[in-house]
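Please read the structure below before turning to the comments.
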Amino acid sequence: MSRSCCIINCNSRSHDSHGKPTGKEIGCYRITSLKRNCSSHVSEVTKTRRMAWIAAIQRPNITSQNTPAHRFVGSLGHITVKCKDLRVIQLEITGMEECLNIASSIEALSTLDLVSLMYPFFYRPMFEVIEDGWNSFLPQNAFKDLESMTDEWRLSEVNKDFSLCPSYPPLVAVPKDFDDETLKKVATFRHGGRFPVLSYYHKKNGMVMMRAGQPLTGTNGRRCKEDEKLINATLRPGKRGYIIDTRAINVAQQAKARGGGFELEANYPQWRRIHKAIERYNVLQESLIKLVEACNDQSHSMDRWLSKLEASNWQTNVKEILTTACLAAQCIDREGASVLVHGTEGTDSTLQVTSLAQIILDPGCRTVKGFQSLVEREWLQAGHPFQQRCAQSAFSNSKPRHEAPVFLLFLDCVWQILRQFPCSFEFNESFLVLLFEHAYASQFGTFLGNSAAERARLCLPEKTVSLWSWVNRPQELERLTNPLYEPNSLVIWPSVAPQSLLLWEGVFLRWNRSSKCLDEAYEEMVHIIEYNKELQTKVNSLRRQLAQLETEDPLLHTP
Amino acid sequence: MEFAEHIKTANVEDVVLRQPLQPPSRGTLCITGHHLLFSDREESDSRQVLLLLRNIDAIEKRMSGSSGTITMKCKDLRVLQLDIPGMEQCLNIAHSIETLSCLDCVSAMYPFFYRPVDLSLPEQWGLSSPEMHYSQMKELYEKWRLSTVNRDYSVCPSYPPAVIVPKSIDDDTLKKAAKFRQGGRFPVLCYYHKKNGMVIMRSSQPLLGANRKRCKEDELLLQAVIEGSDKGYIIDTRSMQQAQQARMTGGGFESKSFYDRWKRFHRQMERGKALQESLIKLVEACGDESNNMDRWLSKLENSKWLSHVQNALSTAGLLVECVERDGHSVLVHGSEGTDCSLLISTLAQLIMDPCCRTMEGFLGLLEREWIQARHPFQQRCAHSAYSHARLQQESPVFLLLLDCVWQLWRQFPLALGFSEALLLRLATEVYASDYGTFLCNSDQERCALEVKERTHCLFRALLRPTERDYYSNPLYERTELAIWPSVHPQSLQLWKGYFLRWTQQVRHLEEAQEEIRNMVIEWGKLARS
Chain A
32 MSRSCCIINC NSRSHDSHGK PTGKEIGCYR ITSLKRNCSS HVSEVTKTRR MAWIAAIQRP
92 NITSQNTPAH RFVGSLGHIT VKCKDLRVIQ LEITGMEECL NIASSIEALS TLDLVSLMYP
152 FFYRPMFEVI EDGWNSFLPQ NAFKDLESMT DEWRLSEVNK DFSLCPSYPP LVAVPKDFDD
212 ETLKKVATFR HGGRFPVLSY YHKKNGMVMM RAGQPLTGTN GRRCKEDEKL INATLRPGKR
272 GYIIDTRAIN VAQQAKARGG GFELEANYPQ WRRIHKAIER YNVLQESLIK LVEACNDQSH
332 SMDRWLSKLE ASNWQTNVKE ILTTACLAAQ CIDREGASVL VHGTEGTDST LQVTSLAQII
392 LDPGCRTVKG FQSLVEREWL QAGHPFQQRC AQSAFSNSKP RHEAPVFLLF LDCVWQILRQ
452 FPCSFEFNES FLVLLFEHAY ASQFGTFLGN SAAERARLCL PEKTVSLWSW VNRPQELERL
512 TNPLYEPNSL VIWPSVAPQS LLLWEGVFLR WNRSSKCLDE AYEEMVHIIE YNKELQTKVN
572 SLRRQLAQLE TEDPLLHTP
Chain B
679 MEFAEHIKTA NVEDVVLRQP LQPPSRGTLC ITGHHLLFSD REESDSRQVL LLLRNIDAIE
739 KRMSGSSGTI TMKCKDLRVL QLDIPGMEQC LNIAHSIETL SCLDCVSAMY PFFYRPVDLS
799 LPEQWGLSSP EMHYSQMKEL YEKWRLSTVN RDYSVCPSYP PAVIVPKSID DDTLKKAAKF
859 RQGGRFPVLC YYHKKNGMVI MRSSQPLLGA NRKRCKEDEL LLQAVIEGSD KGYIIDTRSM
919 QQAQQARMTG GGFESKSFYD RWKRFHRQME RGKALQESLI KLVEACGDES NNMDRWLSKL
979 ENSKWLSHVQ NALSTAGLLV ECVERDGHSV LVHGSEGTDC SLLISTLAQL IMDPCCRTME
1039 GFLGLLEREW IQARHPFQQR CAHSAYSHAR LQQESPVFLL LLDCVWQLWR QFPLALGFSE
1099 ALLLRLATEV YASDYGTFLC NSDQERCALE VKERTHCLFR ALLRPTERDY YSNPLYERTE
1159 LAIWPSVHPQ SLQLWKGYFL RWTQQVRHLE EAQEEIRNMV IEWGKLARS
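Protein sequences appear in the order of chains A and B.
Counting from 32, one number per residue, gives the positions in the first sequence under the working numbering.
Counting from 679, one number per residue, gives the positions in the second sequence under the working numbering.
Below you can see the structure in the form of structure tokens.
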């Protein structure tokens, strides 16, 4: 087999004549056989989905529909490439035919839908993998930490073949006294089988945060004794807990008609339910589209910019999510109560709330490794459908289906906290920007697929490289660590006043402001801090020498 | 003036003080002629709050039963609250604060009484004088001279005694030209661009009036400025329409027919009342506690403050464009030439001239452009955003300048030798100060009141070693290039350090900056030892 480059007239091949991969990193290959046999399939998915095999041409992926993709002046063609990381690139190509060929290649290849054709499956690392990221954050290891703090939880294998809940990982933490049979019953009562599982254990007071899908009460108020027992088991005697529903009360009411619903006070007397309105799905996607449009507005009018910023509602979304996360954290830390978080499916806003609450509460999540572990636990394992949500970004003008910048909003919220507590995080803004880029287009397999089940089916650990393998090398870590970091074991309460939330320039204005001066300043700061550390060690060693001399030579005291 | 007659109750025990970012504390309140002093009763770490009464912009009192609450809104945007037992005492205190905080008599103000033990009154007040400035600028000698035509303030009451003018123009011509300009502010040199010998001049509007008067001497003066060059630019900080309307009231603009080698631009910049109202709206928005993002953003937009910042920076950019890129001299004026003209000439110098970006350079620039060239500080800064008093001459032009400088600082963190802290300090001092620098409306008034003999100078104080360490930018690296700010609305931000200074969230950032500054200071010590 010989995969030739998709660009017509390009002679590069991905495999040599013996069918061995040539190992070249850059290239844009098509698989001729596949094109012949499945052309209808390919063209169908091409229309509906766009994804980043094109990473081979230019790392970021490409959408090119909502601009004149190519226009011609004489024999010179222009292609405007609008990337998912919000960069806009112009290509000038001589020769009309070449230009058209390139444009159609880009269009076709940027929207390939078949996961197994995506770049991570073709990418071979050019670096030495020191620690395989696929094994860095196994649920078993995370559970060992939990075991050291409490014996009230166990690791259940009830979902080991993904049959009970397709979006859960094979191993989940549940209260010790509940056997797998009960869990199976509870799973039938929760949306998508997402029965309540442990998300976070607050060491300070033993309170917990759980997450789930909505209960399927329906219009006739169905109840499930096992579900009630399960969540009651997490309460201390005489204590009440909080259920945080990420939907407004009327949205939750409406959900009943479609078989969903919420926990009724009568059946859950020990729980107080709080409704918070976090936007989801296409509302968020539209908000992102409007924001990016505003950021690229060239009209030079301050009023227009501010009113567009307001109309995008992005900052409102950031504020709502942060507020809800603070509420959850407050219930746990201040009120000493356990919390259950859910919305409808429990794969979007629920995860935003539980993960942000952990950043607020747990200093461990504010380290580089801890944050990776959090993303792995609360987003990848917990079944956030990355592939659906991040299929398209703000420039695409095809009708959004499952796309929503849920993860980007989470990163934005983390950035807001990081900005308010610049010394409390071991990582810096670049790390967050990096995660944003890789969630939308990556040479690594980490963000492929929609759930642990899909990832297992695709054999990602065997066939692709993990993002963490690359990030956790000293030379990368150096770039991503925060020079100001000082471990802070306290809970950090961010301000959620609208005045204190800023637009995340590092993402949204990244390509239209010159960050050269800011970068220089940052480097200078890093330099200062490093030099300071050096001096400190020098001072310490001189002090030691002096002390030694003084003890050895008593004459020094009496000259 | 006897302050005692305004103070019926000087001391009150058992008062509760509530201030932002700190827990309430109980202690003794004391009112003096210029200060409000609060001392904590805790003996372990006795905290004192010393507040200049001049700093108080508005007070509100509320009585309940036998006690009262006084809310004091300060000109530095801080809001303090005092709970005072005893109705009569409370009323007395409120009355004293009200009267003493807005005394009109300049010579009764605190700078005339401020005598710190470690400082004696300076021999020289201020950093420099027009004479010294001229003598340091050897490049000027060939074509420019220092004129003392205004030595007794008779030609132009708002100019300093010495000004720099073209060498070929004699004092008599200047006197005649001065009659043709509002307030006698004839065109004088404010900046010489060493790279290409071009200059920035500033003046006030010409007094054409409805019948299009002309003045040969004024034309001659401007002609001399662009001697040897093909043309010059005039930047009028009013819109064309405003400039035309000004003719009805005796003002106007340089018409093409009489100044044929000058090309005129009109750039409308907001001034006076509109600017003050913008500030009031912005501060109101910043204090909004409704926790609603849409409301905040639309209030921010409605205040128009950021538009004014953008406008000021882009007009300054135009000025720099003319001088640096286009290589021509420029005359800047609006109507009086004491507000917007100063704003954009200052910003332009900061953008072009690396010497103005050091701490001395910046303070020297402020002294030349704002103190000597006369911005009427006393009128403009009599009240800030909280005052209920009817607006008269108030306008936050200087604050707008500081905001623009902050935007520059944020976009070029390495290029300025001073830090945000200096801008904050200046923003506070301009409204209420221990120092005499921002007193009065002009040099003439300052001389009449002997400000220079009887008060301390803020700029000199800021350059003392301890203060200088605190206000300098640890990241500073001199660059010879012009620093062109981005004026895209997306790249301008609200100056949180000032407008949200008293809210919780800014503090962590300050701590991080403090940390870096400490490191740099430590090195300094190590290097010396």
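From the three backbone atoms N, C-alpha and C, an ideal C-beta is built for every residue, glycine too.
Remember, it's a predicted structure, so these values are computed and weren't measured experimentally.
Of the candidates A:Q419, A:R450, A:R510 and A:L411, the residue whose Cα lies closest to the Cα of A:A484 is A:L411. Shown here, B:W822 sits in a strand according to DSSP, grouped into three states. Boundaries of the beta strand (DSSP E) harbouring B:V877: M876 to R880, taken from the DSSP string.
In this structure, the beta-carbon distance from A:M241 to A:L358 does not fall below 8 Å. At a C-beta separation below 7 Å, B:D972 has these neighbours in chain A: E341 and T347. For B:P1167, the secondary structure class from DSSP, reduced to helix, strand or coil, is helix. Residues K977, N980, S981, K982 and W983 of the same chain have their beta carbon placed closer than 8 Å to that of B:K959, with the five preceding and five following residues left out of the count. At least 8 Å separates the CB of A:I305 from every CB of chain B.
A:A368 is outside the set of residues whose beta carbon lies under 8 Å from a beta carbon in chain B.
Contact check for B:L996 and B:F943: beta-carbon distance about 7 Å, within the 8 Å limit, so the pair qualifies. Only residues of its own chain outside the window of five on either side were considered, and among them C1118 and N1119 have a CB closer than 6 Å to the CB of B:Q1056, listed in chain order. Per DSSP, reduced to three states, the secondary structure at B:F1096 is strand.
Contact check between the stretch 415-424 of chain A and the stretch 490-510 of chain A: fewer than three CB pairs, one atom from each, fall below 8 Å, which does not count as touching. In the structure shown, the three-state DSSP call for B:C752 is strand. With fewer than 16 other CB atoms across the displayed protein chains lying within 10 angstroms of its CB, A:G269 is exposed. Residues of the same chain with a CB within less than 6 Å of the CB of B:E1002, apart from the 5 flanking positions on each side, are M1030 and A1160 in chain order. Within the stretch 1138-1159 of chain B, P1152, L1153 and E1155 place their CB atoms closer than 9 Å to a CB of chain A, listed in sequence order. Under DSSP, A:H373 forms a beta bridge with A:D276. Membership of B:K739 in the beta strand (DSSP E) is indicated by the continuous run I734 to S742. Excluding the 5 residues flanking it on each side, B:S745 has same chain C-beta neighbours closer than 6 Å at P763, in chain order. Residue state for A:M241 is assigned as strand, using DSSP reduced to three classes.
With a cutoff of 8 Å on beta-carbon distance, A:Y273 and A:R303 are scored as near each other. Residue pairing of B:L707 in beta bridges, as defined by DSSP: B:V690 and B:F716. For the stretch 192-221 of chain A, the set of positions with a beta-carbon nearer than 7 Å to some beta-carbon of chain B is empty. Of the residues B:A786, B:M765 and B:D761, the one whose Cα lies closest to the Cα of B:R732 is B:A786.
Our two residues, B:T915 and B:P1152, have alpha carbons roughly 36 Å apart in a direct line. When C-beta atoms of the stretch 904-914 of chain B are compared with those of the stretch 934-950 of chain B, three or more pairs fall below 8 Å, so the two segments count as touching. Residue contact with chain B for A:S332: present (Cβ-Cβ distance below 8 Å to some residue of chain B). Proximity to A:V496 across A:F158, A:E123 and A:T378 peaks at A:F158, based on C-alpha coordinates. For A:S520, the number of other beta carbons within 10 angstroms of its own is below 16, and it is reported as exposed. Listed along the chain, the chain B residues whose CB falls inside 8 Å of the CB of A:N543 are H1166 and Q1168.
In this structure, B:R1156 is the residue among B:E809, B:R1156 and B:R1068 with its C-alpha nearest to the C-alpha of B:F1090.
Under the criterion of beta carbons closer than 8 Å, B:Q767 and B:R696 do not qualify as touching, at roughly 18 Å. Given a length threshold of 4 residues, each whole run of the alpha helix (DSSP H) inside the stretch 338-414 of chain A is given here in chain order: 345-364, 380-392 and 399-406. One thing to note: A:T378 has its Cβ within 8 Å of the Cβ of A:S198. Short of 6 Å from the beta carbon of B:L778, and not among the five residues preceding or following it, lie these beta carbons of its own chain, in chain order: H684 and L731.
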